Amino acid sequence: MSHDALPRLSFIDIAGSPYDVGAALGQFGRAALHEHFRTSAAWRELTARRADPRIGTMAMIVRERFPRYWAELQGLAAGLELAFDDVFLWNCRGDIWAMAPDGCTTVQLPGSPHVIGHNEDGDPEFAGHCALAHVTSEGGNSFTAFVYPGSLPGHTFAATSAGLVQTVNNIRPLAGGAGTPRMVLARAILDAPSLDAVLALLRSAPRAGAFHLTLAQAGDERLLSVEFTAQTLSADQVEAARVHSNHLIHADTGRMSQIVTGSSGVRQRRGELLLGHTLQSDPQDRARGILWDAADPELPIYRTDPADSDVEN
């Protein structure tokens, strides 16, 4: 999102049971999400998909396998003063609709230390209504995450008390599944004790949608790039500088049927070009230079236009 014309990002501190955490997040995002649901084309698209039979299966999986996040979703609905089914549907948006407005670009620079740079691109209607949330949830890790109104934490960027760092990029596969909603999986990662535990979680849980994750942990030498869909999972250890936009690019997954938007394709190619031109730069400056690039006026890496072609900035 643009940092040029927006108010300072809010900071909220939340502690309590999973239900309490969800309720506090809901209270924070209530006004913004109510307005969004009133005017949003994205919400109209989702409500047209209410009858998708996968939604009931996804709800059953979360309730039975992830009761802490089920409680967090229940609290979220209460805090938002919205029906639980609406809030659950909203948190499954990318699982049942490939063009949900969730974007992002990530730069991965392995080294000592690793540098991870991330542009958080989301629905422009939420500009000025997001926050950094420090969350202490009973039974889990404490963490700090960028949060959107009405959404579980975890699907953006975050750092946890276990030393884990995660950034997340939207992926748009043409084939989904009836598994765990991808945003629930991203939330569960924030409670993981280690990178190996994250990979075990992603491999063992049935998956509904697709994400790209960049993962690192203090005390672990690995920098990981993970792509997962309902059908497959690819985990690469990053040994050389990379960039990742919003489509599958790993050797194991890149040939899967997916939507590659014009913006995602241009950002990927431009980012890779800039990686080759900035070999001698300070790593943090290198990441910023790529993420703030706007050389292409129509499809820049750094997106600020409310009329962005992917409905993201």
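Here the sequence shown is numbered in the numbering used here, starting from 655 and rising by one per residue.
Just so it is clear, CB atoms sit at the ideal spot from N, CA and C, and this is done for glycine as well.
Keep in mind the model is a prediction, meaning the values are calculated, not measured.
Under a Cβ-count criterion, where at least 16 other Cβ atoms within 10 Å of its own Cβ denotes burial, should Trp-946 be classed as buried or exposed?
exposed
Helix, strand or coil for Asp-658 per DSSP?
For Asp-658, the predicted structure reports a pLDDT of 46, less than 50, and the residue's modelled location is therefore unreliable. A value from the coordinates is still provided. It is coil, neither helix nor strand.
Inter-residue spacing [alpha-carbon to alpha-carbon] between Ala-713 and Pro-835
9 Å
Whole angstroms is fine: what's the gap from Val-968's alpha carbon to Phe-797's?
Residue 968 is absent from the structure shown; the chain starts at 655 and stops at 967.
Gln-820 beta carbon less than 8 Å from that of Ala-812
yes
Using a Cβ-Cβ cutoff of less than 8 Å, which residues in the same chain neighbour Thr-886 once the five nearest sequence positions on both sides are dropped?
Asp-906, Thr-907, Met-910
I think Arg-692 touches Glu-735, with their Cβ atoms under 8 Å apart; what is that distance to the nearest whole Å?
No, Arg-692 and Glu-735 are not in contact; Cβ-Cβ is about 14 Å, not under 8 Å.
Please determine, among Pro-937, Asp-936, Glu-952, Gln-912, the residue with the shortest C-alpha to C-alpha distance to Arg-924.
Glu-952
In terms of residue numbering, what span does the beta strand (DSSP E) encompassing Gly-748 cover?
No beta strand (DSSP E) holds Gly-748; the alpha helix (DSSP H) holding it covers 747-750.
Assuming the contact rule is C-beta atoms closer than 8 Å, Ile-913 and His-866 should be a hit. Round their C-beta distance to whole Å, please.
Not really, about 14 Å apart at Cβ, beyond 8 Å.
Going by DSSP, what residues sit across from Ile-913 in a beta bridge?
Paired residue(s): none; Ile-913 is not in a bridge.
Give me the DSSP bridge partner(s) of Val-822.
Leu-867
Report all residues from its chain with a CB closer than 7 Å to the CB of Leu-743; omit the five preceding and five following residues, and keep chain order.
Leu-700, Arg-704, Ile-709
Determine which residues share a DSSP beta bridge with Gln-891 and list them.
Leu-878
Could you compute how far the alpha carbon of Thr-915 sits from the alpha carbon of Ser-671?
40 Å
Kindly indicate which three-state DSSP category Val-763 falls into: helix, strand or coil?
In the sequence under discussion, the amino acid at residue 763 is Leu, which differs from the Val named in the question. Three-state DSSP puts Leu-763 in a strand.
His-898 in three-state terms, based on DSSP:
strand
Smallest Cα separation from Ala-870: which of Gln-891, Val-965, Asp-740, Leu-855?
Gln-891
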